[in-house]
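This report concerns only the one structure given below.
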Amino acid sequence: MDGKDEGPSDSEAPVAVYLSRSGAAADLTGKVHQLPCCIKHDGPTPVSHYFKPKPTEMEVDGLKVEEAHFRGRKLNGTTVALPRGYSGFIIGKKGHDQGNNDANSHCWETAATFDDITAWNHEAIPSKDDAFLRAFHWFAAANALHQTVTAEDLESACID
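All residue numbers for the sequence shown refer to the working numbering, where the first residue is 1 and numbers rise by one.
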């Protein structure tokens with residue numbers, strides 16, 4: 001040991017984050033998209049004026065395929081419902097219009113909610129093997145990990 005304090009420094013100290021649910025949160029179900037690109041713009045824009053997904057007759061792995069074009073590139077996507085009991089949230093810093101107020105720096109509020117999301121690929125047909133859609137398998141794993149374990153469950157799992 002070199003005599004230095006090995007506890008967390010001020011910059012590494014745990015930070016509490018507070019999330020409040022606004023009663024006026026918009027419902028964006030059917031309007032949330034995960035695009036395979038980076039858009040360097042932060043602010044409102046008339047997306048629905050330019051981005052117009054259309055259903056196709058195609059279905060892969062039980063997923064209905066949609067088609068759209070974005071900046072001249074063809075996209076294929078599918079809309080996936082969040083599992084029962086889960087909701088998506090769009091959050092924003094609380095009081096962000098009031099400047100950089102340290103008291104509110106870790107306070108967030110719900111701006112909108114959604115119950116499904118459309119995941120898009122460049123030209124490739126969406127399938128259950130897509131990395132984004134495979135992440136949904138973790139919902140089942142999380143549910144299994146957080147279920148209450150009874151004495152009977154423990155007894156039946158014991159190996160003698």
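For every residue, glycine included, the Cβ atom is placed at its ideal position computed from N, Cα and C.
Integer Cβ distance of V80 from F139, believed to fall under 8 angstroms: With 8 angstroms as the limit, V80 and F139 do not qualify as a contact, their Cβ atoms being about 11 angstroms apart.
Cα-Cα separation between T124 and T118, rounded to whole angstroms: Note on identity: in this sequence residue 124 is Ala, with Thr being the wrong assignment. Taking the straight line joining both Cα atoms gives about 14 angstroms.
W120 beta carbon less than 8 angstroms from that of Q34: Contact: yes.
Continuous alpha helix (DSSP H) stretch holding F51: start and end: Counting along the chain, F51 falls outside any alpha helix (DSSP H), and DSSP gives it neither H nor E.
Neighbourhood of A144 by C-beta, 6 angstroms cutoff - its chain only, sequence neighbours within 5 removed: Here the set comprises nothing.
Cβ neighbours of K52 in the same chain (closer than 7 angstroms, five flanking residues each side left out): Within the same chain, K52 has close Cβ partners A68.
Outcome for K94 when other beta-carbon atoms lying within 10 angstroms are tallied against a minimum of 16: Answer is buried; the Cβ neighbour count reaches 16.
Per-residue DSSP class, three states only, for A16: Correct three-state label for A16: coil.
Run of the beta strand (DSSP E) containing A111, from where it starts to where it stops: Element bounds for A111: 107-114.
Environment of G62 [buried if 16+ CB atoms lie within 10 Å]: When all chains shown are included, G62 counts as exposed.
Residues near I161 in its chain [Cβ-Cβ closer than 6 angstroms; skip 5 each side]: The first residue shown for the chain is 1 and the last is 160, placing residue 161 beyond what the model contains.
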